[in-house]
Amino acid sequence: MIVLQVNQLYKSFLADEILSGVKLEVQHRDRVALVGRNGAGKSTLLKIIAGQMSYDAGDIIIPKGIQIGYLEQHAGLNSTLSIWDEMLTIFEPLLAQEKTLRSLEQRMADPAVYEDSILYAKIMSEYDQLQHNFKDAGGYQYESDIRSVLHGMQFYPEDYEKSIRSLSGGQRTRLALAKLLLSKPDLLILDEPTNHLDIETLSWLESYLKGYEGAILIVSHDRYFLDQVVSIVYEVSRHRVTKYTGNYSAYLDEKAKNYERDMKMFERQQDEKAKLEDFIQKNIARASTTKMAQSRRKMLERTEWMESPDGDEKSASFGFTIDRQSGNDVLSVDDLTIGYNAKKISSGIHLRTYREDRIALVGPNGVGKSTLLKTIVKDLSLLSGEIRYGTNVQIGYYDQEQAKLTSNKSVLKELWDEWPLMNEKDIRTVLGRFLFSGEDVDKAVSSLSGGEKARLALAKLMMQKANFLILDEPTNHLDLDSKEVLENALIDYPGTLLFVSHDRYFINRIATKVVELSGDGSFEYLGDYDYYLEKKQELLELAQMKVATPSQGQTDVTEKVSTSKIDKEAKKRERQIRRTIEELEDKMQKVIAEITHLEAELCDPEIFTNHKKILQLQEELSTAKEQHELFELEWLELNEELENIIV
28 MIVLQVNQLY KSFLADEILS GVKLEVQHRD RVALVGRNGA GKSTLLKIIA
78 GQMSYDAGDI IIPKGIQIGY LEQHAGLNST LSIWDEMLTI FEPLLAQEKT
128 LRSLEQRMAD PAVYEDSILY AKIMSEYDQL QHNFKDAGGY QYESDIRSVL
178 HGMQFYPEDY EKSIRSLSGG QRTRLALAKL LLSKPDLLIL DEPTNHLDIE
228 TLSWLESYLK GYEGAILIVS HDRYFLDQVV SIVYEVSRHR VTKYTGNYSA
278 YLDEKAKNYE RDMKMFERQQ DEKAKLEDFI QKNIARASTT KMAQSRRKML
328 ERTEWMESPD GDEKSASFGF TIDRQSGNDV LSVDDLTIGY NAKKISSGIH
378 LRTYREDRIA LVGPNGVGKS TLLKTIVKDL SLLSGEIRYG TNVQIGYYDQ
428 EQAKLTSNKS VLKELWDEWP LMNEKDIRTV LGRFLFSGED VDKAVSSLSG
478 GEKARLALAK LMMQKANFLI LDEPTNHLDL DSKEVLENAL IDYPGTLLFV
528 SHDRYFINRI ATKVVELSGD GSFEYLGDYD YYLEKKQELL ELAQMKVATP
578 SQGQTDVTEK VSTSKIDKEA KKRERQIRRT IEELEDKMQK VIAEITHLEA
628 ELCDPEIFTN HKKILQLQEE LSTAKEQHEL FELEWLELNE ELENIIV
């Protein structure tokens with residue numbers, strides 16, 4: 028069943044054409060993505076479909092009875108109610124039915140009703156029908172649904188009575204999404220729903236949307252999310268919309284094939300056009316051939332020549348280089364405690380970074396990922412612990428908040444003032460590579476959009492030629508095309524990377540290690556994001572097995588490492604594995620030394636009478652042995668992978 032049809036839609040703002048002849052169709056249970064560059068018209072199209080914006084011509088057909096739910100970008104709930112009471116407003120018809128049911132039950136409890144058989148039969152019939160309708164409408168599960176969705180959006184029972192006015196902007200946005208999901212419209216329209224969501228919440232949302240009963244139309248720059256959820260992609264480009272079947276990755280493959288085909292056709296047409304123009308130029312003035320030339324000129328004018336597949340859409344073009352190589356040891360973090368104004372956020376952080384590492388830092392919102400990066404670059408003071416920097420390490424830092432890009436200088440001056448020895452032409456060339464050209468370079472920095480500030484920050488980062496890049500959410504505000512360019516630049520970068528990102532597609536392409544940060548420490552996984560998920564699940568299952576069958580702690584477990592998505596050359600991977608194996612061996616030696624020391628302490632006669640101390644030592648010994656076992660499992664796994672690479 029069709030829930031939405033868009034036919035020959037046109038939209039302009041003054042003289043600027045935004046959408047031209049757009050066709051789009053959504054069937055029941057379709058999962059559709061709209062993709063395209065920033066400013067292509069994706070959000071405009073969603074607003075038109077949702078009835079929040081007018082259009083110039085065309086038809087939007089929505090069958091009678093189809094409910095549409097729309098969440099626009101950066102939308103947040105504004106309400107004086109508590110979280111729970113606001114969610115209940117969605118179910119007002121059910122609450123009214125429930126009230127009627129309770130009222131009927133009270134009447135049924137009155138003995139006088141039983142004396143009038145007609146009245147009794149009427150009340151029972153009404154109650155039976157209403158109860159049936161109430162059940163079919165979800166009357167016995169709406170509270171469970173509310174709790175489930177709120178939990179998925181990271182609102183817990185202790186939050187239910189909080190006033191919505193007391194929430195942050197990000198929390199209000201998540202709550203607006205939760206309310207829309209609970210309303211269960213036939214067509215769910217979401218504009219950048221993944222903003223303000225951490226990886227855990229994103230995973231929950233993906234799972235929820237996969238099982239959603241209605242149709243979904245999404246705009247998102249989160250490629251991993253699109254791969255997981257959608258099965259149809261419409262690309263908005265050059266005012267038009269093109270349909271592709273499959274998820275985001277399938278769309279990229281099909282688009283690449285179409286581009287290659289179209290480019291060949293365009294080149295053939297251009298050759299034909301050039302021959303016609305050459306013939307006309309040579310023969311139009313000759314009396315004997317002028318009629319032939321005039322005929323060819325008419326043909327040239329009548330022919331609808333194909334536009335270049337490249338169009339007039341420009342892409343950023345940049346790369347990162349280094350001035351000089353750092354030492355092998357780049358950064359060491361030991362037992363670090365981080366926070367703001369002496370207020371602890373996370374502690375027990377350990378991190379080893381070596382030359383050419385690509386480390387992704389992950390963890391839930393609020394755990395201190397950005398705080399850790401700011402502490403490493405000395406924007407914040409550490410609360411305790413130690414940070415050591417390697418030889419010749421030059422740090423380049425990308426701040427997701429763009430806190431330093433607030434001046435009233437022009438874009439040109441912002442860059443030129445930091446590199447005054449460069450001439451203006453070279454500065455303009457650099458800015459041009461980041462899509463700042465013509466009048467764009469005279470814009471005030473403070474007036475730039477989020478995407479423009481991101482590109483300017485990347486331009487400054489490129490100019491530093493640092494050998495250790497620390498990046499905090501570098502893909503925020505970038506459109507899909509710019510993300511691809513950034514990824515390719517970082518893959519070719521010869522230095523070391525430490526970055527925070529919620530973009531799992533980006534992590535998969537870039538990272539060779541994933542460090543998970545929690546409130547009480549950090550844990551390292553030696554692979555990309557998919558490997559991190561697999562390994563985390565394995566460790567969880569092992570822990571559950573130990574709880575279920577503690578006597579079988581020594582059971583052999585065969586582990587398989589999935590490296591199919593690690594986009595790195597085999598030799599580079601081999602070097603990384605060897606280096607990591609050395610690190611693990613060093614860690615295992617230290618843990619063995621700790622185990623030996625703890626066992627010796629437990630044998631000390633002076634401790635026998637101190638039961639509290641014995642319990643503490645036994646707990647520390649158990650933790651150390653568990654840690655050694657995990658390191659040993661990683662060591663065995665890496666050696667197996669190394670053998671496969673060498674073979």
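Numbered by my numbering, the letters in the sequence shown go through residues 28 to 674 in order.
Yeah, the Cβ is synthetic: ideal placement off N, Cα and C, and Gly gets one too.
These numbers were taken from a predicted model, which means no experiment stands behind them.
Our contact map puts residue i next to residue j with C-beta atoms below 8 Å; I'd like the distance itself, whole angstroms only.
i, j, result
"Leu553", "Thr502", "Not really, about 23 Å apart at Cβ, beyond 8 Å."
"Tyr558", "Arg531", "In fact, because the Cβ distance is near 12 Å, the residues do not count as touching under 8 Å."
"Asn494", "Gln603", "At roughly 17 Å, the Cβ-Cβ gap does not stay under 8 Å, so Asn494 and Gln603 are not in contact."
"Leu761", "Gly96", "This structure cannot speak to residue 761, because the chain is shown only from 28 to 674."
"Val394", "Ser373", "6 Å"
"Asp86", "Gln35", "7 Å"
"Gln181", "Arg201", "7 Å"
"Val468", "Ala343", "The Cβ separation is near 15 Å, so there is no contact."
"Phe345", "Phe461", "6 Å"
"Glu628", "Leu644", "6 Å"
"Leu61", "Leu244", "7 Å"
"Leu410", "Lys371", "6 Å"
For a test of the three-state rule: what should DSSP assign to residue i, helix, strand or coil?
i, result
"Glu653", "helix"
"Ser230", "helix"
"Glu240", "coil"
"Thr348", "coil"
"Val140", "helix"
"Arg606", "helix"
"Gly179", "helix"
"Glu52", "strand"
"Val257", "coil"
"Thr502", "coil"
"Phe463", "coil"
"Gly375", "strand"
"Ser47", "strand"
"Asp172", "helix"
"Ile365", "strand"
"Ser434", "coil"
"Gly478", "helix"
"Glu428", "coil"
"Tyr416", "strand"
"Asn285", "helix"
"Ala538", "coil"
"Lys189", "coil"
"Thr107", "coil"
"Ala484", "helix"
With 16 other CB atoms within 10 Å as the buried threshold, where does residue i fall?
i, result
"Lys396", "buried"
"Ala387", "buried"
"Met135", "exposed"
"Val541", "buried"
"His638", "exposed"
"Ala620", "exposed"
"Gly238", "exposed"
"Asp218", "buried"
"Gln133", "exposed"
"Gly78", "exposed"
"Leu567", "exposed"
"Trp443", "buried"
"Ile672", "exposed"
"Ser509", "buried"
Kindly indicate which residue of the options has the alpha-carbon position closest to the one of residue i.
i, options, result
"Met333", "Gly78, Ile641, Glu299", "Glu299"
"Ala538", "Tyr520, Lys371, Ser545, Leu648", "Tyr520"
"Thr272", "Leu253, Lys617, Met615, Ala42", "Leu253"
"Gln676", "Ile403, Phe463, Leu475, Gly417", "No information on residue 676 is available, as it lies outside the stretch 28 to 674 that the chain covers here."
"Asp83", "Pro90, Ser47, Gln100, Arg58", "Ser47"
"His178", "Tyr235, Met135, Ile145", "Tyr235"
"Ser175", "Met114, Tyr37, Glu142, Gln124", "Met114"
"Val246", "Gln427, Gln100, Val140", "Gln100"
"Ser106", "Leu194, Ile45, Gln94, Met80", "Leu194"
"Ser39", "Lys487, Leu72, Arg351, Ala516", "Leu72"
"Tyr425", "Asn222, Ala481, Gln94", "Ala481"
"Val260", "Glu240, Gly241, Glu281, His266", "Glu281"
"Asn435", "Val263, Tyr286, Val472, Pro447", "Val472"
"Ser190", "Leu104, Thr221, Gly465, Val140", "Leu104"
>> For the structure I just gave you, are there three or more beta carbon pairs, one from the region 283 to 292 and one from the region 317 to 330, closer than 8 Å?
In response: Contact between the region 283 to 292 and the region 317 to 330 is absent: fewer than 3 CB-CB pairs across the two stretches fall below 8 Å.
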